[in-house]
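Chains as they are written, first to last, in this note's numbering: chain A, 380 to 537; chain B, 46 to 214.
For glycine and all other residues, C-beta sits at the position ideal for the given N, C-alpha and C.
Report on the following structure.
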C-alpha cells in the first residue's frame, strides 16, 4: 500500500528542506485512521527525487527520455521534407533518424521484457549490432542506389 | 487498496490542509534505485521458479490497451522491415530498380497493388498518429479517460483515412 502525503503538511511540521522540493512516493505503510488518535508517529521510507539528492546523481535517464521525444518530433518533420525535397541530405538524415528511433524504441521493448543481468547485456549487444547493420545498409543504399526518398516514390509509382 | 496522491511541493505554495491522517516525522530517502529494486524482484522470483500470475489472459481488454500494444507492435514490425530492407541492400547483388521491375513484371492485379499499398501505409500511419497522441500525453494533455478514448478513436479514424488516401496515390 503506497500513500502520498501532501508535502506541504509535512513542511508545516518542519521537515528538512531536502523533502521540500520533491514528489514523494511513500513506501508500504499500514495507516491507521483512528478517530481518537489522528496523529501517528510513523517512520517512513520515501523515494525523494529532488535534484540536490546525491543518491544516484545521474540525469542520463531523463536526458534519454527527452532525446527520444525530440527525435520523434524531428522524424515527424522529416516526412513532409522527404516528400517535397527528396535530396541526399534528407535521405541520410532519414536513415539516421529512422535507425536511431527504432534503436531506442526496441531498447525500451527489451527493457520491458528481458530480465537478468547477462540476458539484458546480450540483448542490448544484439540490438546494437542490428542497428549498426541497419544504418550501414541504409547509407549504402543511399550512396550506391537510388536513395530512400526515391525508393518510396518508385515503389508507389506503379 | 493503493492510494496514490501525487503531490509536488513547490516553494511558497504551502497549504495547510491535511490529506491523510498520517504524520511523518522521520522520513528517510531510500538507498536503492528503482532499477535495483526491479532487478531484486526478478532475481528472487526467477530463482524461486515462481509462476507468473495470469494477467493479460484474464484482464478485460479495452480500446486504449489495444491501441497501446498496437503502437508497440507496429513499431517493432516497421523497425524489422527497415532492418530487413537495409540487410537486403547490403546482401542482394542487383539494384533496387532491378528488383522493382521484377515485381512489375509479375503483373499483379490493380486491386492487389492497391491493397499492398494500404497494407504498407497502415502501420506507418497508425504508428505516426498514435505517436502524436503519445507526444501530447508527454506534454501532459488528454489524460482524462473520456479524452483517452476520444483521442484513440480519432487516431483510428485518421489512420484508416490516411491509409486509403495513400493507397489511392
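- Item | Anticipated Cβ contact below 8 Å, residue 477 of chain A with residue 142 of chain B, distance rounded | Not really, about 22 Å apart at Cβ, beyond 8 Å.
- For the region 118 to 129 of chain B, which residues have a CB atom closer than 8 Å to at least one CB atom of chain A, in sequence order? 120, 121, 123, 124, 127 and 128
- Beta carbon proximity, residue 168 of chain B to chain A, threshold 8 Å: no
- is_contact[residue 520 of chain A, chain B] using C-beta, thresh 8 Å: yes
- Query: Three or more beta-carbon pairs under 8 Å between the region 515 to 532 of chain A and the region 462 to 469 of chain A, yes or no?
  - Reply: yes
- Query: What's the gap between the Cα of residue 501 of chain A and the Cα of residue 95 of chain B?
  - Reply: 24 Å
- Indicate whether at least one CB of chain B lies closer than 8 Å to the CB of residue 524 of chain A. yes
- Message: Can you find the residues in the same chain that come closer than 8 Å, C-beta to C-beta, to residue 137 of chain B, ignoring five residues on each side of it along the sequence?
- Response: 144
- Residue interval of the alpha helix (DSSP H) (run including residue 178 of chain B): 155 to 183
- Query: Once you ignore the five residues that flank residue 197 of chain B on each side, which residues in its own chain have a CB closer than 7 Å to its CB?
  - Reply: 108, 109 and 112
- Measuring alpha carbon to alpha carbon, tell me which of B:147, B:120, B:159 and B:140 ends up nearest residue 480 of chain A. B:120
- Task: For residue 401 of chain A, count neighbouring C-beta atoms within 10 Å of its own C-beta (all shown protein chains included) and say buried if the count is 16 or more, exposed if not.
- Result: Only weak support is given to the placement of residue 401 of chain A: the predicted model assigns it a pLDDT of 46, under 50, and the question is left unresolved by the model.
- Query: Nearest to residue 159 of chain B by CA position, among B:135, B:209, B:98 and B:85, is which residue?
  - Reply: B:209
- Item | Sequence-distant residues of its chain with Cβ nearer than 8 Å to residue 194 of chain B (five each side left out) | 108 and 109
- Task: Please name the residue, chosen from A:447, A:536 and A:489, that lies closest to residue 499 of chain A on a Cα-to-Cα basis.
- Result: A:489
- DSSP three-state assignment for residue 466 of chain A, whether helix, strand or coil: coil
- Task: State yes or no: is the C-beta of residue 131 of chain B within less than 8 Å of the C-beta of residue 505 of chain A?
- Result: no
- Within the 8 Å Cβ cut-off, does residue 443 of chain A reach chain B? no
- Item | CB contact below 8 Å: residue 438 of chain A versus chain B | no
- Boundaries (first-last residue) of the alpha helix (DSSP H) holding residue 126 of chain B: 108 to 136
- Item | Residue-level contact to chain B via CB, residue 483 of chain A, 8 Å cutoff | no
- Go ahead and label residue 448 of chain A buried or exposed: buried means 16 or more other beta carbons lie within 10 angstroms of its beta carbon, across all protein chains shown. exposed
- Grouping DSSP H, G and I as helix and E and B as strand, with all else coil, what is residue 186 of chain B? coil
- Message: Run through chain A and tell me which residues come within less than 9 Å of residue 87 of chain B, C-beta to C-beta.
- Response: 494 and 495
- Message: Rounded to whole angstroms, what is the Cα-Cα separation between residue 496 of chain A and residue 445 of chain A?
- Response: 26 Å
- Counting only beta-carbon atoms, is residue 511 of chain A nearer than 8 Å to chain B? no
- Does any C-beta atom of chain A lie closer than 8 Å to the C-beta of residue 210 of chain B? no
- According to the neighbour-count rule (16 or more other Cβ atoms, all chains shown, within 10 Å of its Cβ), is residue 172 of chain B buried or exposed? buried
- Which residues mark the beginning and the end of the alpha helix (DSSP H) in which residue 533 of chain A is found? 527 to 536
- Message: Contact defined as beta carbons within less than 8 Å: I believe residue 163 of chain B pairs with residue 122 of chain B. What is the distance between those atoms, to the nearest angstrom?
- Response: Going by Cβ atoms, the distance from residue 163 of chain B to residue 122 of chain B rounds to 15 Å, so no, they are not a contact pair.
- Going along chain B in order, which residues have a C-beta closer than 7 Å to the C-beta of residue 349 of chain A? Not covered by the structure: residue 349 of chain A. The range shown for chain A is 380 to 537.
- Item | For residue 512 of chain A, the first and last residue of its enclosing alpha helix (DSSP H) | 496 to 523
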